[in-house]
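Undergrad: One structure is given below, represented as structure tokens, and several questions about it will come after.
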Amino acid sequence: SDDSDKSSAESDSEIEVEPVPVYHKLLATLKTSPESESEEEESESEEAGESEAELGSEGSQEPKEADGVEADEDEVPAQEEVTAEDTAEETLGQEQDDGVDASCDLSHGATEEFTDVKHESEFSLETNFMEEESGGCDADKKESNSSRAFSQDPFKQHMDKELEEKEVEKMSTLSKTSSQIKWPRLGQLTFSSTLEKNTILKPDKEFDVKQLHLHKPLESTWPKVNKQFLSPTTKPSDPSFTPLQRELLSIMNAYKDLFYPERNALTNGEEIRHAYCLHALNHVLKANAQVLSNNAKKRDQKPGMDSDDYRDQGLTRPKVLMIVPFRECALRIVHILISLLEVNDKRKIDVSNKKRFKGEFGSDPEERPPNLKRPEDYEAVFAGNIDDHFRIGVAILQKSMRLYAPFYSSDIVIASPLGMRTVIGAEGEKKRDFDFLSSIEMLIIDQADIYLMQNWEHVLHLMKHINLLPLESHGVDFSRVRMLSLNNWSKYYRQTLLFSALQDPQINSIFNKQCFNYTGQVAVRNVPLIGSISRVVVQLPHVFRRIEAENLTSVIDTRFQFFIDKVLPEYRDAIMSHTLIYVPSYFDYVRLRNYFKKEDLNFAHICEYTKKGGICRARRFFLEGEKQFLLLTERFHFYKRYTIKGIRNLIFYELPTYSHFYSEICNMMKATDSGVDATWTCTVLYSKYDAQKLAAVVGIDRTAQMLQSKKNVHLFVTGEN
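As numbered in UniProt numbering, residues 1 to 721 make up the sequence shown, in order.
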């Protein structure tokens, strides 16, 4: 689709920065003292309190972005209602207030963004030393007595490796070489790398905590935190990890980029979240311990000695960026981080601003609408606080955690794509900031498929502004900055962990074109043997009609022309009433809606921005046959999951993004009549560029046959196969 946001296109001069001139510019800014945080003030609208009377017991979750397309009179952006679940905030709710002013506004409608400047010196890496940490002296002694073990630490090996200019030039110009291997749990893996030495990891049969080289507190806390996911059949050799976690952490710990497209909110979602939280926290604790240890060494150093051995930092402090879709996800991540830092119940860590955090990221179980019935996967995705505009900085030392830390004093930044977009801003805006992204060493994008339903442009905008040289120095000590940062090579050291529920070309593009890790990339590439069509329970003939397009850019216009010339005339007759047209793209929906109005067709339309009254009228008119056609967007189905009654003819204008939506929409026909109507039809439009979506619906074997043949394919589902 066309780029709807003009601000996302950054100039070449901003993205492709010459290293030498900017380096001198950074040195010239040493005399300045910029503010520690420069975030854009935001105002979030209050939750809408409209009555649910028109729709009975059906709730409402709607996106907040209009994607740049103007809606008609019945389609206005509506605010999300929070469906509450009694979730991770229970543990935070038992904590006492840590001194935050009780009069401060804890609502989401706060007009000014809060950052904690009260604990700045306490969490400063520059003014603290290793011996002030619990067990710090022992850790330092352990380092000196076990230098061999320390040199084998994957963190040390990855960050201390000095790339040569020839290697960097090779990674930026040459294409990647790939190889495949099959693992027991992850399945088919594709290893790719630009450098000649493309090492292929093999799954360890014997895997334990020691192989991860975990920081001291994590060795004892991880088994307790992860106990909920372990089954009684877990092997004694790896009592602390599930089979999935064992293989994921093997790849993460090798500091390779990872793309896992089989995340499921119902089954393995929390299991994966715990795994990447362990890896990220381990990375932060090791990095901070190295800085604090070098602080002590430098303090005791004799004057005049070379201090070039203490390069242990980036140009800015934030090391880990976690992108998650909802506030509830951020709440669970913080809860996991706290649990991993608490050795036992007697040694609770000090968490600053936890009461404010609970108020802004938690949810009230009583707000949940009564009699709300939705599929299990919907309940899992939309649990808790589903506000999608947030960002929060987290600073961590071994005995304490600081929430709402200014970004330039944070170790971890947890944010949504929209939250990052509003602080990054657009070219030409006076108040924008992305310098804090300059030295990100680990990027974690969780639930990437949901961003396709929100606004994928925000993710692309973020990727354009990560690991750029900062425009100001922000008080950095250049004698402590790693050469990889000064050379503007941070992106070649950044590890990217990408988790999604599906494989999509846009998500694949991020992993293939925006990940430059010198250690290489690992992608899980399992093909679906059985498609979601097997879960259709009604007896229904499925006709797959192939569209022939010359190239990928012409598919949109070719599909539209094929639809109005070949498909729509077959459904204009009155006998083909009750026809639902499922449209994944909002832009295609607007195009079809305008065409239907121009042709004066008898139709109703529902999208994610349609007001509740308009939804109620459209559903009633369609059920009673007053409207022959009903246009329905995929994002509306994603956020609402209403059952549309009265469907007799079904047209998939394009294959759905989520394969299980295909069976869900088809199974809505059983709500029409008690018996089976022999005139029910289902028509699907596809092209050769829809191979991934097609395989998820009909299976890989049938997909291969359909792509080789240029004829229309007729399938009949009996409800048993």
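All C-beta atoms in this analysis are idealised placements derived from N, C-alpha and C, irrespective of residue type, glycine included.
#1: Mind checking residue 284: buried by the 16 CB within 10 Å criterion, or exposed?
#2: Contact between the segment 395-415 and the segment 335-351: three or more CB pairs below 8 Å?
#3: Residue 147: buried (16+ other C-beta within 10 angstroms of its C-beta) or exposed?
#4: State yes or no: is the C-beta of residue 697 within less than 9 Å of the C-beta of residue 532?
#5: With distances taken Cα to Cα, identify the nearest neighbour of residue 277 among 182, 321, 312, 384.
#6: Please report how far the alpha carbon of residue 636 lies from the alpha carbon of residue 518, in whole angstroms.
#7: Could you check which residue in 259, 545, 187 has the C-alpha nearest to that of residue 687?
#8: Assuming residue 504 contacts residue 657 (C-beta within less than 8 Å), just tell me the rounded distance between them.
#9: If we ignore side chains and look at the alpha-carbon of each, how far apart do residue 229 and residue 252 end up?
#10: What runs of the alpha helix (DSSP H), each 4 residues or longer, lie entirely inside the segment 586-626?
#11: Can you say whether residue 553 is buried or exposed, counting buried as having 16 or more other CB atoms within 10 angstroms of its CB?
#12: How is the beta strand (DSSP E) around residue 649 delimited, first residue to last?
#13: So what does DSSP say about residue 244, is it helix, strand or coil?
#14: Per DSSP, residue 498 forms a beta bridge with which residues?
#15: Skipping 5 residues on each side, what residues in its chain have a beta carbon closer than 6 Å to that of residue 681?
#16: Ignoring anything shorter than 4 residues or poking outside the segment 403-465, list the alpha helix (DSSP H) runs there in chain order.
#17: Touch check for the segment 477-488 and the segment 510-526: three-plus C-beta pairs under 8 Å?
#18: Fully enclosed by the segment 528-574, which alpha helix (DSSP H) runs are 4 residues long or longer?
#19: Considering Cα atoms alone, identify which of 542, 633, 679, 602 is closest to residue 663.
#20: If you draw a straight line from the C-alpha of residue 122 to the C-alpha of residue 605, how long is it?
#21: Which of the three DSSP states, helix, strand or coil, is assigned to residue 332?
#22: Pull up the CB-CB distance for residue 652 and residue 582, whole angstroms please, since I reckon it's below 8 Å.
#23: From residue 275 to residue 558, what does the alpha carbon distance come to, in whole angstroms?
#24: Less than 9 Å between the beta carbons of residue 506 and residue 259, yes or no?
#25: Run through DSSP, which three-state label would residue 222 get?
#26: Hey, out of 666, 570, 618, whose CA is closest to residue 655's CA?
#27: Go ahead and pull the three-state DSSP assignment for residue 386.
#28: Whose C-beta lies closer than 6 Å to the C-beta of residue 451 among residues of the same chain, with five residues either side of it excluded?
#29: With DSSP run on the structure shown, which of helix, strand or coil describes residue 153?
TA: So, from the data block:
#1: On the sequence shown, position 284 is the one that residue 284 refers to. Counting other Cβ atoms within 10 Å of its Cβ, residue 284 reaches 16 or more and is therefore classed as buried.
#2: In this structure the segment 395-415 lies against the segment 335-351, because at least three pairs of beta carbons, one per stretch, are closer than 8 Å.
#3: The sequence position of residue 147 within the sequence shown is 147, counting from 1. Here residue 147 scores only 49 on pLDDT, less than 50, and its place in the model should not be relied on; the value that follows carries that caveat. That one is exposed.
#4: Numbered from 1 along the sequence shown, position 697 holds the residue referred to as residue 697. Numbered from 1 along the sequence shown, position 532 holds the residue referred to as residue 532. In this structure, residue 532 lies closer than 9 Å to residue 697 by Cβ.
#5: If you number the sequence shown from 1, residue 277 lands on position 277. For the residues 182, 321, 312, 384, the minimum Cα distance to residue 277 belongs to 321.
#6: Position 636 of the sequence shown holds residue 636. Position 518 of the sequence shown holds residue 518. C-alpha separation (whole angstroms): 41 Å.
#7: Numbered from its first residue, the sequence shown carries residue 687 at position 687. Out of 259, 545, 187, the CA that lies nearest to the CA of residue 687 is found in 545.
#8: The residue you call residue 504 lines up with position 504 of the sequence shown. The residue you call residue 657 lines up with position 657 of the sequence shown. About 7 Å; that satisfies the 8 Å criterion.
#9: Here residue 229 refers to the residue found at position 229 when the sequence shown is read from its first residue. Here residue 252 refers to the residue found at position 252 when the sequence shown is read from its first residue. Approximately 19 Å between the Cα atoms of the pair.
#10: Fully enclosed alpha helix (DSSP H) runs of 4 or longer: 586-598, 612-624.
#11: The residue you call residue 553 lines up with position 553 of the sequence shown. That one is exposed.
#12: Position 649 of the sequence shown, counted from the start, is the residue given in the question as residue 649. Counted as a single uninterrupted DSSP element, the beta strand (DSSP E) harbouring residue 649 occupies residues 649-652.
#13: Within the sequence shown, numbered from 1, the residue matching residue 244 stands at position 244. Residue state, collapsed to three classes: helix.
#14: Stepping through the sequence shown from its first residue, residue 498 is reached at position 498. Note: residue 498 sits in a beta bridge opposite 259, 445.
#15: Translated into the one-based positions of the sequence shown, residue 681 becomes position 681. 649.
#16: Taking 4 residues as the shortest admissible run, the segment 403-465 contains the following complete alpha helix (DSSP H) segments, listed from N- to C-terminal end: 417-424, 448-454, 456-464.
#17: No: the two stretches stay apart, fewer than three of their Cβ pairs being nearer than 8 Å.
#18: Runs of the alpha helix (DSSP H) inside the segment 528-574: 555-562, 568-571.
#19: Taking the sequence shown and counting its residues from 1, one reaches residue 663 at position 663. Looking at the Cα atoms, 542 is the closest of the given residues.
#20: Along the sequence shown, read from residue 1 onward, the residue named residue 122 stands at position 122. Along the sequence shown, read from residue 1 onward, the residue named residue 605 stands at position 605. Residue 122 and residue 605: Cα-Cα distance of roughly 57 Å.
#21: Position 332 of the sequence shown, counted from the first residue, corresponds to residue 332. Residue 332: helix per DSSP, three-state reduction.
#22: In the sequence shown, counting from the first residue as 1, residue 652 sits at position 652. In the sequence shown, counting from the first residue as 1, residue 582 sits at position 582. Taking 8 Å as the upper bound for CB-CB distance, residue 652 and residue 582 are in contact here, some 5 Å apart.
#23: Taking the sequence shown and counting its residues from 1, the one referred to as residue 275 is at position 275. Taking the sequence shown and counting its residues from 1, the one referred to as residue 558 is at position 558. Spanning the alpha carbons of residue 275 and residue 558 requires a straight line of approximately 44 Å.
#24: Here the question's residue 506 lines up with position 506 in the sequence shown. Here the question's residue 259 lines up with position 259 in the sequence shown. Not a contact, by the Cβ cut-off of 9 Å.
#25: Residue mapping note: residue 222 aligns to position 222 of the sequence shown, counting from 1. Three-state result, residue 222: helix.
#26: Along the sequence shown, one-based indexing puts residue 655 at 655. Nearest neighbour of residue 655 by Cα position, chosen from 666, 570, 618, turns out to be 666.
#27: As a working mapping, residue 386 is identified with position 386 in the sequence shown. Three-state result, residue 386: coil.
#28: If you number the sequence shown from 1, residue 451 lands on position 451. The answer, listed in chain order, is 417, 459.
#29: Here residue 153 refers to the residue found at position 153 of the sequence shown. Correct three-state label for residue 153: coil.
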